[in-house]
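Visitor: Just dropping this structure here.
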Amino acid sequence: MASRNERARRDRAARRQTELEKIRRKYVPGDSFSSGSPPSAPSPASARPPPAARRQDNQIVRHGFPHQPTALAFDPVQKLLAIGTKTGSLRLLGRPGVDIHVRHDGDPAVLQIAFLVNEGALVTACTDDTLNMWNIRQKIPEVVHTLKFQRERTTCISLPLQSKWLYVGTEKGNVHIVNIESFVVSGYIINWNKAIELSRKNHPGPVTCLVDNPVDSNKLLIGFETGLLVLWDLRTKAADVRWQSAEPLRSVCWLSDGKQFMSSHADGSLCTWSVKTPQRPVATQFPHAKTRENGQQEPCKAIQKVSWLSTRAGLPRPGSLLLCVGPRPARPSEPYVIFTGGLGHDTAGRTPSVTVMHGRTTTVLEMEHNVVDFIALVDTPYPSEFQDPYGIVVLLQNDLVVVDLTSPGYPCFENPYPMDLHGSTVTSCTYLADCPGDLVPALYSVGTAKQNRTGFSEKEWPITGGTWGTGGNSYPEVVITGHADGSVKFWDATAVSFQVLYKLKVSRVLERQRRSQDGDTEDQLAVQQVVLCPESRQLAVAGASYVIHFRFSRNEKNAEVPCLEIPIVYETYGDSDRDPPSGDPAVTVRPADTIAGVNGKKAELSLPVRCRSGPIRRPPGFHPELVCITPAVNGEPPGVISSVAVNSAYGLLAYGNESGLVIVDTVQRTCLLNLGTPDLYGPADPYQRAPRSPKQRAEEADLGRSPDSEQINGLCLSPTAGKQGGVGSVSPRGRDVQRSRSQERLDTQQTASRSSSLSSLENISSEAIVCLQFADTFVNKSESSTCPCLLVGTSLGSTLIVQVALPRSADRATQAVSVAPTGSIFRLNGAMQCIALLDCSGARIPAAAETWRDGNKERTRTPSRPTVSSCGSLSEAGGGDGQLLVLVSDKQARVLATPSHSCLCKLQITETSFVVRAEIISLKDSVCLVCYLANGRLNSYSLPSLRPLMEVEFLPLSDLSFQTTKSAIADPMLAIWGQQMFVNEDATQMARTFCISNHGHGLYLCSPSEIQKFTISSEFCTQLQDMVGELFLACDMPELPQQGFLKGLFGGGVRSLDREELFGETSGKASRSVAKLLTGPTAQAEQLQARVSSTGGDVGRARQAMIERGQKLSKLEDRTEQLMADADNFSSTAHQLMMRYKDKKWYQL
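Residue 975 in numbering that gives the first Met the number 0 sits at position 976 of the sequence shown; the count goes up by one each step and never skips.
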């Protein structure tokens, strides 16, 4: 009998081995290996594509507010806005939906931007002393020319309208002139020693502003930092008028008549100057200075910029925001004076502002952030005409504001750009590509569509340049951002768009507790993770110590939110003689009043956040259904929740932190499982667990908090009344303590005995839950059918399986759900990153989910999802391996066949670095693994064969360092153990804002206020040109109004200047040491084409010369033959003549 059983066992093993070999041949062709040596995927170095096959990352679009803006420019004809930043970025904005981002090489800060009005180009001056010409006629602008100054630092630039000569001011006080067509410096130069008076003994300082006279282009106004103003005559190459102010100069602006100009200074004053009065200013005023009791004026801050704009007829402004001086309305034709700064120094609470003065009315527009720059919006591009401003574009440090000057009270336009992304610090991102088609309309209907924002201008957005792209996506995309203030925002990110759909606030459900005495200033409501089930529209939002479960509804409700207080604690026995608590040795559960604290005292539980009491109004949208809070035990803050998973088909919510795992029934609203991470292993725990005291735990904050030796496992506190240990409904605000369901616990004797056989290097103090995945899979090798399970990945590279036993659907609301660890363990090097299941054809098996139904309508499961039951059958007949389990850590990846748990393929992703984020995505008709490494590389591998598909230099991790709080910490003992494990929270925070989704799309937080979207799909890259809008539209320049007869007769009109005659070849050539021309990609192509053309011309000329030479040789040959023939004829004639007279005498002749 025994021999028969042994033969049957050997036959089953042989059949299983045969099936395994078939699967291996299917997915790993050409590889031969033994059963004891699974195949290894080629290393990235050996299988790296050739350099010609490599391609760089493809940036799709950048959304959000430009980080650290420095410069602003506006094209009044094309209606385009340009913003430069400190990091070298350049954002070009047109009508809503037209948003282009480009970047300078080397990332220098942008000092100033100048549009070539209605010509499809602009010039930028950067801190690396370069001038860059950008061509914006193409969809993706490129640098055409780059000119670098070598001996002088550039400080400002000025480009007159319809001129090809650019004025460049330098730090040494000189003014150079550059031809913007060829980017060559002219020989015409205005030296500072010629601009100042001969009697002046000191240097005037750097050039701060250059302004062309609006009616006489021969006059150039030069402003120096020390307050010297010079009106330079370009023809005579001499200074016409000089003015000297008592205070340092900040800015200068001409009035449209060209006879007066206004300057702003560092003492908060505005000075008006006349061309005919060089001695002193015509008027000096301190707009915001107040007189003290002693009769002196209070000091004021500098006025950084001023604009003086003329109008055809002034209109009364009855309203103002802060300050109105003078009762009289504005008189006709009184100009606008707009400036920023000038407020008092010693006035507390002064906010940044922009001041508008029109006639005798002064309006102060308070801003929320510091003002960087502003530009007045005018219809005419000609500075000699009446400007009649209709708006002000104000660039703030963290916002863009456009003020309507034509409406009473100067209201702001509602900003249509998605620039409020950073209203609160972004702490997490979730990217869902290929969502259900009805998700975006549903979110819009309960969010943006119902907002009635008041206080904004009723007029249309004034920046209307460019056109939208013609292409688009066939699938919707949604981005979810979590913020530090507890808010969650949903964005429509389809194709190149980015529009806010819906906003959710956690503060409506939770309230903050008082800050701790140790000075911890971290926001307690900050969102760490967001998980959305698109089919069922169930949402899980997790913070550091809370998890909230939401359901979507179109109806408004008013109800109380139930709350579960679940401390994730467990007990580790360090003495083999110590007995576990009384009761079942396999189950350890204690009520709240028996939790042991320090010195045997009762443990104290405190809540980091508290659920709001009483009924809560729930407007249409996501309604909170359940709140789970992890309380602090004995004053120690709980570990940060590191992973969350929700499954609508199972009705379960799972989350974990550095101490253990919690599974909650969202239908019955009870805690099903609350185990410490070591207890999930059971007797097969491969690690030695070291007991820790509360003080030691606090000292190891950077290395992960260890469990308290006086804590117990399996405790679940919920404010419910009534049943002890039951699974009934939860009373929302009860105060009694309910014990959770029975928890399986490791036997104490086995815990103590296993430590003797382990190495001291495996003495582990903490193991966090970092990855959770609900799925129908095989529990162990002996199973022949699948069951609902929870796959748990830990920070030590372990993957554990927790079995879920679901009752029938009809009894789901009344019968209990049982969960229990199975003991199945898979181990990889490094912390787990992601887990997925594939079917036998290599397609990904999605998680089961319900289809959303509003109200109490019947819910059905998604047809594309597998049917959920307590037990399922294999998809393949014959009982073979029906699934492939893909496990990815920050070092390795493996593909296992289940239920045999045989390794089909393995891959060492990296040895010297680690994976920051890994995702298994669907791309075209296949599934692949995409990994972003800390060394900046982006790798993709096919599944299930783990063959390298792509490996490119993508993004250095240092570019995301703005999210970090401290430098990397490495444990040298872990390096000796064979791996380098980074245990700080910085890489974790970066991973929360780096997302990879289906179709090869991804995004990351490229700055505190911007999100960058990218793709690895070559097919999408070919469609991107159609999706991106056009910036430049061909249109005619507005006609210059005809000059009046009297102005033309008496010389009061606009006088032109032939700049080509002054600055062209007749002025000579500038020294080569002044500037060096660096060409851009387009210029290089043009030079190459010119070089090819020149070479072709040389070859043609040589060929023509050769042909001409051949023709001349032919002619010479013909002439030689003719001469030879003539010579023969002459010889014959001479011979005949000789023979004729040969025998005759002389007298016979």
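Here a beta-carbon is modelled for each residue, glycine too, at the ideal position from N, C-alpha and C. Since the structure is predicted, the reported quantities are computational estimates derived from the model, not experimental observations.
In chain order, which continuous runs of the beta strand (DSSP E) of length 3 or greater are located wholly inside the stretch 351-395?
Guide: For the stretch 351-395, whole beta strand (DSSP E) runs of length 3 or above, ordered along the chain, are 352-357, 360-365, 370-376, 390-395.
Visitor: Does the Cβ of Ile1106 have 16 or more other Cβ atoms within 10 Å, making it buried, or fewer, making it exposed?
Guide: So Ile1106 counts as exposed.
Visitor: Per DSSP, what kind of secondary structure is Lys171 in: helix, strand or coil?
Guide: Coil.
Visitor: With DSSP run on the structure shown, which of helix, strand or coil describes Thr235?
Guide: Here Thr235 sits in coil by DSSP.
Visitor: Does the stretch 989-1001 come within contact of the stretch 444-464, defined as at least 3 CB pairs closer than 8 Å?
Guide: At 8 Å Cβ cutoff, the stretches do not touch.
Visitor: Would you kindly check if the distance between the Cβ of Met366 and the Cβ of Leu395 is under 8 Å?
Guide: It is a contact, given that the beta carbons lie within the stated cut-off.
Visitor: What is the DSSP secondary structure of Val177, counted as helix, strand or coil?
Guide: Three-state DSSP puts Val177 in a strand.
Visitor: Check whether the stretch 1100-1115 and the stretch 157-174 touch, using three or more Cβ-Cβ pairs below 8 Å as the test.
Guide: No, the stretch 1100-1115 does not touch the stretch 157-174.
Visitor: Taking all protein chains shown into account, decide if His622 is buried (16 or more other Cβ within 10 angstroms of its Cβ) or exposed.
Guide: So His622 ends up on the buried side.
Visitor: Among all the DSSP beta bridges, which residues are the ones paired with Asn557?
Guide: DSSP lists Arg616 as partners of Asn557.
Visitor: Three Cβ pairs or more, each shorter than 8 Å: is that satisfied between the stretch 502-512 and the stretch 457-473?
Guide: They do not touch, by the three-pair rule.
Visitor: Rounded to whole angstroms, what's the CA-CA distance from Leu80 to Glu1009? Just pull it up for me.
Guide: In a straight line, the C-alpha of Leu80 is about 18 Å away from that of Glu1009.
Visitor: Quick check on DSSP: helix, strand or coil for Ala933?
Guide: It is coil, neither helix nor strand.
Visitor: Return the first residue and the last residue of the beta strand (DSSP E) that Ala265 is part of.
Guide: From DSSP, Ala265 is part of no beta strand (DSSP E); its letter is neither H nor E.
Visitor: So, helix, strand or coil for Ile1106, using DSSP?
Guide: Helix at Ile1106.
Visitor: Let me know if Phe1129 comes out buried or exposed under the rule of 16 or more other beta-carbons within 10 Å of its beta-carbon.
Guide: Label assigned to Phe1129: exposed.
Visitor: Hey, Val915 and Phe993: beta-carbon distance below 8 Å or not?
Guide: Yes, the pair counts as a contact, with Cβ atoms nearer than the cut-off.
Visitor: Label Glu624 either buried or exposed according to how many other C-beta atoms from any shown protein chain fall within 10 Å of its C-beta, with 16 as the threshold for buried.
Guide: By the 10 Å Cβ count, Glu624 comes out buried.
Visitor: Just tell me which of Gln523, Tyr166, Arg150 has its CA closest to the CA of Ser157.
Guide: Closest by alpha carbon: Tyr166.
Visitor: Kindly identify the DSSP beta-bridge partner or partners of Pro787.
Guide: Answer by DSSP bridge pairing, in chain order: Asp775.
Visitor: By how many angstroms is the C-alpha of Leu420 removed from the C-alpha of Gln77?
Guide: Cα-Cα distance, rounded: 27 Å.
Visitor: Less than 8 Å separating the beta-carbons of Leu146 and Leu130?
Guide: Contact flag set, yes.
Visitor: Roughly how far, in whole angstroms, is the beta-carbon of Thr84 from the beta-carbon of His62, given that I think they are within contact range, below 8 Å?
Guide: Not a contact, Cβ separation roughly 15 Å.
Visitor: Can you round the beta-carbon distance between Val353 and Leu364 to whole angstroms, since I take them to be within the 8 Å contact cut?
Guide: Rounded, the Cβ-Cβ distance is 5 Å, consistent with contact.
Visitor: How about the stretch 608-623 and the stretch 636-652: do they share at least three Cβ pairs that are nearer than 8 Å?
Guide: The stretch 608-623 is not in contact with the stretch 636-652.
Visitor: Shortest alpha-carbon distance to Asn557 belongs to which of Pro787, Met1123, Pro619, Val568?
Guide: Closest by alpha carbon: Pro619.
Visitor: In the structure shown, what three-state DSSP assignment does Asn1128 receive?
Guide: Reduced to three states, the DSSP call for Asn1128 is helix.
Visitor: How many Å lie between Ile282 and Trp272 at the Cα?
Guide: Strictly speaking, residue 282 in this sequence is Ala, with Ile absent from that position. Ala282 and Trp272: Cα-Cα distance of roughly 7 Å.
Visitor: Within 8 Å, do at least three Cβ pairs link the stretch 828-845 to the stretch 658-673?
Guide: No: fewer than three Cβ pairs fall under 8 Å.
Visitor: Between the stretch 1054-1061 and the stretch 86-102, do three or more beta carbon pairs fall short of 8 Å?
Guide: No, the stretch 1054-1061 is not in contact with the stretch 86-102.
Visitor: With a 10 Å radius around its C-beta and 16 neighbouring C-beta atoms as the bar for buried, classify Ala1126 as buried or exposed.
Guide: It is exposed - the Cβ of Ala1126 has fewer than 16 other Cβ atoms within 10 Å.
Visitor: Of all the options Trp231, Pro203, Cys562, Gly881, which has the alpha carbon lying nearest to the alpha carbon of Ser244?
Guide: Nearest option by C-alpha distance: Pro203.
Visitor: Which residues bound the alpha helix (DSSP H) around Thr813?
Guide: Careful: Thr813 lies outside any alpha helix (DSSP H) and carries neither H nor E.
Visitor: Under three-state DSSP, which class holds Ala1074?
Guide: Looking at Ala1074 - three-state DSSP - the assignment turns out to be strand.
Visitor: Is it true that the stretch 609-616 meets the stretch 632-640, where meeting means three or more beta-carbon pairs spaced less than 8 Å apart?
Guide: With a cut-off of 8 Å, the stretch 632-640 and the stretch 609-616 do not count as touching, because too few Cβ pairs lie within range.
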